[in-house]
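**Q** In our numbering, the protein residues as written are 1 to 263. Heads up, the beta-carbon is just placed ideally off N, CA and C, and yes, glycines get one too.
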Ligand SMILES: [Zn+2]
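1. Determine the extent of the beta strand (DSSP E) in which residue 116 is found, giving its start and end residues.
2. Report yes if the C-beta distance between residue 239 and residue 9 is below 8 Å; otherwise report no.
3. Roughly how many whole angstroms lie between the Cα atoms of residue 77 and residue 40?
4. Quick check on the DSSP output: the beta strand (DSSP E) that includes residue 19 runs from which residue to which?
5. Between residue 203 and residue 210, what straight-line distance do the alpha-carbon atoms span, to the nearest angstrom?
6. Mind listing, in chain order, the continuous beta strand (DSSP E) runs of no fewer than 3 residues lying wholly within the segment 61 to 141?
7. What number of angstroms, rounded off, separates the C-alpha of residue 112 from the C-alpha of residue 205?
8. Specify the secondary structure class of residue 3 as computed by DSSP and reduced to three states.
9. In chain order, what residues of the same chain lie with their CB nearer than 6 Å to the CB of residue 164, ignoring the 5 residues before and after it?
10. Count the other C-beta atoms from every protein chain shown that fall within 10 angstroms of the C-beta of residue 263, then say buried if there are 16 or more, exposed otherwise.
11. Taking the straight line between their C-alpha atoms, what separation do you get for residue 17 and residue 261?
12. Quick one: grab the DSSP three-state call for residue 262.
13. On the premise that residue 138 lies in contact with residue 155, defined as a C-beta separation below 8 Å, what is that separation, rounded to the nearest angstrom?
14. Cα-Cα, which of 66, 226, 92, 214 is closest to residue 142?
15. For ligand 1, any of its heavy atoms closer than 7 Å to the Cβ of residue 244?
16. Just checking my contact of residue 256 with residue 26 at CB under 8 Å: how many whole Å lie between their CB atoms?
17. For the 8 Å Cβ check, are there 3 or more pairs between the segment 166 to 180 and the segment 87 to 97?
18. Leaving out five residues before and five after residue 75 in sequence, what residues of the same chain have Cβ atoms less than 6 Å from its Cβ?
19. Please list the segments of the alpha helix (DSSP H) lying wholly inside the segment 135 to 213, counting only runs of 4 or more residues, in order along the chain.
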């Protein structure tokens, strides 16, 4: 593990005493274009986006160095499965050659100090959750399907099952594609907005859209959890990876992450 605690482009968030949380950007790593948003090397943290696995491992170790703890990532499948990690996983992920995945799931929770949790995104909504008093943290990956499936609810349920009180839980909703940019067919907007009304949006072009970050904030608010929303749009902000922006030019891109740990 590198001795550096600095990492370019990191966006820290305050989720309480004893909790370390931040969002990464597309810069500060070793990956070349198109897995970089800067000339200095990209911090692509996602496997399965055609980047070299050794570069992804190097990028992930930079994030672990910044956090001061190993970071576990799941294989995200747009579902609502929550994986609970503990001391055994902390040991696995702290090994010289950590695992590539904690398993299939779209949320992670832990009460284990010194084990980071990561959620990978490039337009979907990264959510960080912490109850600093109960000493339990979690992450969730909420895209359109995850918002419909209620993955944020399942993650919050998992925190509550480990002693968290929603009134005490602090949440951060990280950079994602915004409602002005996320154009969808009208039928799709209607379907998602029928389930989560706060997602209803109109794009800057006047077409049907979805505001997934607003939907996640509303889902959390319905449970009594106040969320801090990072007001950055992945599609508009060139410092961040955006699947939609890349797809528009028929290329691939990297994945940034939301990271949290009990310290
Ligand atoms: Zn936008």
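**A** In this structure, then:
1. Position 116 of the chain shown, counted from the first residue, corresponds to residue 116. 116 to 121 is the extent of the beta strand (DSSP E) around residue 116.
2. For the purposes of this step, residue 239 is taken as the residue at position 239 of the chain shown. For the purposes of this step, residue 9 is taken as the residue at position 9 of the chain shown. The answer is yes: Cβ separation under 8 Å.
3. For the purposes of this step, residue 77 is identified with residue 77 of the chain shown, where counting begins at 1. For the purposes of this step, residue 40 is identified with residue 40 of the chain shown, where counting begins at 1. A direct Cα-Cα distance of roughly 31 Å separates residue 77 from residue 40.
4. Along the chain shown, read from residue 1 onward, the residue named residue 19 stands at position 19. 19 to 23 is the span of the beta strand (DSSP E), which, as asked, contains residue 19.
5. Stepping through the chain shown from its first residue, residue 203 is reached at position 203. Stepping through the chain shown from its first residue, residue 210 is reached at position 210. Those two C-alpha atoms are separated by around 8 Å.
6. 71 to 73, 82 to 85, 107 to 110, 116 to 121, 125 to 131
7. Taking the first residue of the chain shown as 1, we reach residue 112 at position 112. Taking the first residue of the chain shown as 1, we reach residue 205 at position 205. Taking the straight line joining both Cα atoms gives about 46 Å.
8. The residue you call residue 3 lines up with position 3 of the chain shown. With a pLDDT of 39 at residue 3, under the threshold of 50, the modelled position of this residue cannot be trusted; read the value that follows with caution. Of the three classes helix, strand and coil, the one that applies to residue 3 here is coil, per DSSP.
9. Working through the chain shown from its first residue, we reach residue 164 at position 164. Same-chain partners within the cutoff: 131, 134, 136.
10. Residue 263 sits at position 263 when you count from the first residue of the chain shown. Classification of residue 263: exposed, given that the 10 Å Cβ count is below 16.
11. To locate residue 17, count along the chain shown from 1; it is residue 17. To locate residue 261, count along the chain shown from 1; it is residue 261. Answer to the nearest angstrom: the Cα atoms are 11 Å apart.
12. Looking up residue 262 in the chain shown gives position 262. Reduced to three states, the DSSP call for residue 262 is strand.
13. Looking up residue 155 in the chain shown gives position 155. Looking up residue 138 in the chain shown gives position 138. Your pair residue 155 and residue 138 checks out as a contact, with CB atoms roughly 5 Å apart and the cut at 8 Å.
14. Position 142 of the chain shown holds residue 142. Out of 66, 226, 92, 214, 214 has the C-alpha closest to the C-alpha of residue 142.
15. Taking the first residue of the chain shown as position 1, residue 244 is located at position 244. Checking every heavy atom of ligand 1 against the Cβ of residue 244, none is found closer than 7 Å.
16. Indexing the chain shown from 1 puts residue 256 at position 256. Indexing the chain shown from 1 puts residue 26 at position 26. Rounded, the Cβ-Cβ distance is 6 Å, consistent with contact.
17. Too few Cβ pairs lie closer than 8 Å, so no.
18. On the chain shown, residue 75 is found 75 positions in, with the first residue counted as 1. Around residue 75, the same chain offers 101, 104 as residues with beta carbons nearer than 6 Å, after the five sequence neighbours per side are excluded.
19. 144 to 149, 151 to 161, 186 to 195
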